[in-house]
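Notes follow the structure.
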């Protein structure tokens with residue numbers, strides 16, 4: 393079973409929103425925290441789920 397964003401956050405000792413900001417490349421996360429989250433992402437081979445992402449953004453397809 394694939395690892396979830398919440399599981400990554402728990403392993404890294406950060407909130408779900410911080411883990412999300414790191415994965416999506418948003419600023420405002422300390423370098424040490426960013427590296428800790430990214431290490432776990434690499435270690436577990438996290439791949440964002442495109443279906444979950446489209447549901448979260450309320451889009452079903454790309455729009456120009």
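Numbering (the numbering used here), first residue to last: 393 to 456.
Note that CB positions come from ideal geometry on N, CA and C, so glycine has one too.
Since residue i and residue j are thought to touch, with beta carbons under 8 Å apart, how far apart are those beta carbons, to the nearest angstrom?
i	j	result
residue 411	residue 429	5 Å
residue 432	residue 397	11 Å between Cβ atoms; not a contact.
residue 434	residue 421	Not really, about 16 Å apart at Cβ, beyond 8 Å.
In the DSSP assignment, find the unbroken alpha helix (DSSP H) run with residue i in it and report its ends.
i	result
residue 411	408-415
residue 429	423-436
Out of curiosity, what's the CA-to-CA distance linking residue i and residue j?
i	j	result
residue 425	residue 399	15 Å
residue 418	residue 437	20 Å
residue 415	residue 401	11 Å
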